[in-house]
Amino acid sequence: MYMLKEPQCCPRKSYFSREEIEKHSPSRKDGIDLNTESHLRKLYCSFLQDLGMKLKVPQVTIATAMLLCHRFYMCQSHAKNDWQTVATVSMFLACKVEETPRLLRDVVVVAYELIYRWDPSAPRRIRQKEVYDKQKKLILIGESFLLATVAFDFNIQHPYKPLVSALKRLKISHNDLAKVAWNFVNDWLCTTLCLQYKPHYIAAGSLFLAAKFHKVKLPTEKGKDWWLEFEISPKQLEGLLLISTFHFPYFLLH
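All the letters of the sequence shown, read from the start, carry residue numbers 1 to 254 under the UniProt record's numbering.
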């Protein structure tokens, strides 16, 4: 891990166009192409999933950490900001935001061991005062950078609540369908779709794909089409699913 550079406060903006993400990100301006940035995104999302599980935090906290990373890199470049540092800071901050606090020491130690999992001496090394103090300082400085970059905006919502709410209202008791829909939400949060679409849109797309996967016809509620539970139109749903195929080719619908 190394120090972040050039912190700057970004406009309070939660959503971006596909063109902004793919063609005009700070990383693109520094010569990092779309495929490389997508790969780096997958790396920090995978790291956060592992880190969250080792810290035993809820999936919502992990999702918040991912979203903080996504927002950070819409304002800052991968060329100047180490993703391992940013991801560790994002998890530490997400634990506070979601009221699932973890000790700074635990976050620093577990993250370091995860980053250097290939090195059997890492667990012993991070417990040395000089090494630990250096990593602790890095995370605390990084926290200030991250806070400045996201403009202290913690208005973070996820697709989980609208998905669970719709499942209840539609009286869907198909446990496997609900589980697959939940997993689709988790998959989409590892992409930039959560920077392009509001949570209830992603929840609707996840339920639709889960129903298609299980060949289940979604019910109506009081004569209303199921998608109205998410306040989304068929055209909007189609647009979301079309873009999703770019990230997940196996979503292709026939």
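Note that beta-carbon positions come from the ideal geometry of N, C-alpha and C, so glycine has one too.
So residue i and residue j are in contact, right, with Cβ under 8 Å, and what is the actual spacing, rounded?
| i | j | result |
| --- | --- | --- |
| F72 | I139 | In fact, because the Cβ distance is near 14 Å, the residues do not count as touching under 8 Å. |
| L163 | W182 | 7 Å |
| N186 | Q59 | 7 Å |
| C194 | L40 | About 17 Å; that fails the 8 Å criterion. |
| residue 255 | F47 | Not covered by the structure: residue 255. The range shown for the chain is 1 to 254. |
| residue 256 | K54 | Because residue 256 is not part of the residues shown, which for the chain are 1 to 254, the question remains open. |
| F16 | V97 | The Cβ separation is near 21 Å, so there is no contact. |
Report the residue from the options whose alpha carbon sits nearest the alpha carbon of residue i.
| i | options | result |
| --- | --- | --- |
| A204 | D33, S165, W83, T191 | S165 |
| residue 263 | Q236, L193, V216 | It is not possible to answer for residue 263, since the shown part of the chain is limited to 1 through 254. |
| F135 | D106, D153, H158 | In the sequence on display, residue 135 carries Gln and not Phe. Of the candidates D106, D153, H158, the one whose C-alpha sits nearest the C-alpha of Q135 is D106. |
| L170 | I32, W227, H24 | W227 |
| S25 | A122, M74, L103 | M74 |
| I115 | K161, E98, D82 | D82 |
| C95 | A151, L51, T61, V110 | T61 |
| L103 | I232, K56, N35, W118 | K56 |
Would you decide whether residue i is buried or exposed? Buried here means 16 or more other CB atoms lie within 10 Å of its CB.
| i | result |
| --- | --- |
| E229 | buried |
| Q128 | exposed |
| H214 | exposed |
| H158 | buried |
| I126 | buried |
| L209 | buried |
| P199 | buried |
| E19 | exposed |
| L34 | exposed |
| L167 | buried |
| E37 | buried |
| S233 | exposed |
Is the CB of residue i under 8 Å away from at least one CB in chain B?
| i | result |
| --- | --- |
| V108 | The displayed structure is made up of one protein chain only, and chain B is not part of it. |
Ordered list of alpha helix (DSSP H) runs contained in the UniProt domain "Cyclin-like" (161-243), each at least 4 residues: 175-188, 193-196, 199-214
To test your reading of the DSSP string, which unbroken alpha helix (DSSP H) runs of 4 or more residues are found completely within the segment 85-137? 104-115, 122-125
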